[in-house]
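Structure record follows, encoded as structure tokens.
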Amino acid sequence: DLIAIKMFFERYRGIVIYHNATFDIKHIIYNCFMKDPLDKVGMLHGLEVMTKSIHDTKVIAYLALNSTAGNELGLKVLAQPYMGNWGVDVTDITKLSIDDLLKYNIGDCVATYYVFNTYLPLMLKDDQKDIYETIMIPSIKLIIQMELHGMPIDMDQVLITEHTLKELEIKYLTDIMKHPKVKDAELIIQTQTMHSANAKLKTKQHPLSNFKHLEFNPGSPKQLGTLLYEVLKLPEIDLTPTGSPASGAKTIEKLVNHATSEDTKELLNNLIGLSKVTKILGTFIPAFLGAQEKADGHYLHGSFNLGGTLSGRMSSSNPNLQQIPSNSTYGKVIKKCFKTKAGWLFVGADFASLEDRINALLTKDTNKLRVYTDGFDGHSLRAYSYWGDQMPDIQQATDEKCYMVDGVSFKESDTINYQGTKYTGQQFYDLFN
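Using the working numbering, the first residue of the sequence shown is number 215, and each one after it goes up by one.
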């Protein structure tokens, strides 16, 4: 069957329409074209065959809807006006009968074709054909290759990292739990629980001693709120979407600046450290430990999604490789887990201030453009624009070209007398250079 699927795609000369092409094509290449997980020849052949003439209705809908308010791009949602509630649970297709599976498959095809016919005209009307054909569709091939190749993981280092982080977690937790303010929070939590339990009783009341086993839980937002705002009396500077005082790590980082004693600052820093370490241990380490073992080592395979964010950037999942901590103690520990094979190098590439360049082109702001046309330092230029009155010894350059000779500044239009001869600014500059 797999050979027949491979032969079909090799011989097929028509267009194939997918919804979320990276997912489907990746699995077809892996199962039908690659002899083993390291078969690069089969992978590259599969990429050429499977991406030669495709459409992706998820990308089409993303461009057609084109909203910063956020969109639901799942096929079931996009096709619902035509298909109704047609989906079934296909997490494990072995639990479905052949008839039910075939019915679902044809429904999936019809839904995809409906989304294609509905959103393609909208995308074209919005003049996004060029973006779709030159950026989005070519990106699918690159993304699939990244996902199939994976990131090499040093499993020995993963185990060392896990051990190191667990020791840190224990240390943070120990220091937090022995803090006297945490004991005060525990008493409040125990008392509140006692009152809640007794409120359900008509006669016999539970004494406080029945609740002394309850310990402070740093992972509970409610209990963290009790510690931060009832015990430590810190200001409520952030709110959750429901209007409650926030108690996440980012909020606690801000609250450090409001702490009046070193003892409280130490407690808050321990809470921040525990939160970050716990997140890594609960999110990244399990994913790393589950990396695929191949003949030459372990590889971590994530998924990247075109149009997965409001800003147009890609998103990542299973695991989210774009949320690996950086520029911190924990970031360095995690990055040690990624290790190249002998004879290979990790190489990174990034746009130079991409958003600011786009902003300059769209706004046509003279000062923003000069950062890139004249080589100005953007940070310095902006600082002078905002606080120029506080920089009396600095003058902003004019639009006219300026020169510097032996510490003397002059403009292109200046006439300079040198040894009885007049020179323009340009000629004078050339004379000394």
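By construction, the Cβ of each residue, glycine as well, lies at the ideal position given by its N, Cα and C atoms.
Can you tell me whether residue 339 is buried or exposed? The criterion is at least 16 other CB atoms within 10 Å of its CB, across all chains shown. Residue 339 is exposed by the Cβ-count criterion.
Between residue 327 and residue 231, how many whole angstroms is the CB-CB distance? I'm expecting something under 8 Å. In this structure residue 327 is in contact with residue 231, their Cβ atoms being roughly 7 Å apart against a cut-off of 8 Å.
Rounded straight-line distance, which links the Cα of residue 381 to that of residue 445: The alpha-carbon atoms of residue 445 and residue 381 are separated by roughly 28 Å.
Report buried or exposed for residue 210, applying the criterion of at least 16 other Cβ atoms within 10 angstroms of its Cβ. The structure shown does not extend to residue 210, since the chain spans only 215 to 647, so no value can be given for it.
Is DSSP giving residue 230 helix, strand or coil here? Shown here, residue 230 sits in a strand according to DSSP, grouped into three states.
Per DSSP, what are the beta-bridge partners of residue 507 in this structure? 512.
Please classify residue 437 as buried or exposed, where buried requires at least 16 neighbouring CB atoms within 10 angstroms. Answer is buried; the Cβ neighbour count reaches 16.
Need the endpoints of the alpha helix (DSSP H) that residue 519 sits in, please. No alpha helix (DSSP H) holds residue 519; the beta strand (DSSP E) holding it covers 517-519.
Could you give the DSSP three-state label for residue 270: helix, strand or coil? Residue 270 falls in the strand class under three-state DSSP.
Less than 8 Å between the CB atoms is what I'm expecting for residue 274 and residue 330, so what's the real figure, rounded? Approximately 7 Å separates the beta-carbon atoms of residue 274 and residue 330; this is inside 8 Å, confirming the contact.
Can the beta-carbon of residue 353 be found less than 8 Å from the beta-carbon of residue 520? In contact: residue 353 and residue 520 (Cβ atoms closer than 8 Å).
Quick check: residue 333 and residue 271, are their CB atoms within less than 8 Å of each other? Contact: yes.
From residue 467 to residue 544, what distance separates their C-alpha atoms? Their Cα atoms are separated by approximately 16 Å.
Can you grab the Cα-Cα spacing for the pair residue 423 / residue 401, in whole Å? Those two C-alpha atoms are separated by around 11 Å.
Here's the rule I'm using: 16 or more other beta-carbon atoms within 10 Å means buried, otherwise exposed. How should residue 388 be labelled? Flag for residue 388 reads exposed.
Which residue comes first and which comes last in the alpha helix (DSSP H) that contains residue 352? That run of the alpha helix (DSSP H) goes 351-363.
Going by beta-carbon coordinates alone, are residue 512 and residue 367 separated by less than 8 Å? One thing to note: residue 512 has its Cβ within 8 Å of the Cβ of residue 367.
Under 7 Å Cβ to Cβ from residue 528, same chain only, skipping five residues before and after it: list those, please. For residue 528, where only same-chain residues beyond five positions count, the Cβ hits under 7 Å are 518, 519, 520 and 522.
At which residues does the alpha helix (DSSP H) containing residue 530 begin and terminate? Looking at the DSSP string, residue 530 is not in any alpha helix (DSSP H); the run it does join, the beta strand (DSSP E), is 529-531.
For residue 722, which residues of its own chain have a beta-carbon under 7 Å away from its beta-carbon, when the five flanking residues on both sides are left out? Any answer about residue 722 is impossible in this case: the structure gives the chain only from 215 up to 647.
Near residue 454, what residues of its chain come up, given a Cβ to Cβ distance below 7 Å and the 5 sequence neighbours on each side ignored? Answer for residue 454: 460, listed in chain order.
Can residue 592 and residue 570 be called in contact, C-beta distance under 8 Å? A contact, by the Cβ cut-off of 8 Å.
Euclidean distance between Cα positions of residue 552 and residue 538: The straight-line gap from Cα to Cα measures roughly 12 Å.
Under 8 Å between C-beta atoms of residue 383 and residue 488: Yes, the Cβ-Cβ distance between residue 383 and residue 488 is below 8 Å.
Exposed or buried, what is residue 560 when buried is set at 16 or more other beta-carbons lying within 10 Å of its beta-carbon? Residue 560 comes out exposed.
Is it the case that the segment 283-303 contacts the segment 251-267, given that we only count it when at least three CB pairs across the two stretches are under 8 Å? These segments do not touch.
Exposed or buried, residue 585, counting other C-beta atoms within 10 Å across all chains shown (16 or more means buried)? Looking at its Cβ environment, which holds 16 or more other Cβ atoms inside 10 Å, residue 585 is buried.
Could you name the residues that DSSP lists as bridge partners for residue 421? Paired residue(s): none; residue 421 is not in a bridge.
Start-end ranges of the beta strand (DSSP E) lying completely within the segment 244-312, minimum 3 residues: 268-270, all fully within the segment 244-312.
Could I get the ranges of all uninterrupted alpha helix (DSSP H) runs contained in the segment 372-408, with 4 residues as the minimum, in chain order? Qualifying alpha helix (DSSP H) stretches: none in this window.
Rounding to the nearest angstrom, what Cα-Cα distance links residue 441 and residue 395 in this structure? Going by C-alpha positions, residue 441 is about 7 Å away from residue 395.
What residues in its chain sit with their C-beta under 8 Å from that of residue 608, if we drop five residues either side in the sequence? These residues qualify, in order along the chain: 598 and 602.
Nearest-angstrom Cβ-Cβ length linking residue 229 and residue 265, presumed shorter than 8 Å: Actually they do not touch by this definition, with Cβ atoms about 12 Å apart.
Give every residue of the same chain whose Cβ lies closer than 7 Å to the Cβ of residue 279, excluding the five residues on either side of it in the sequence, and list them in chain order. Cβ neighbours of residue 279 within its own chain (closer than 7 Å, five residues either side excluded): 285.
Secondary structure of residue 459, DSSP reduced to three states: In this structure, residue 459 counts as strand in the three-state DSSP scheme.
Measure how close the beta-carbons of residue 536 and residue 251 come, nearest whole angstrom, since I'm counting them as under 8 Å. Wrong, their Cβ atoms sit about 24 Å apart, outside the cutoff.
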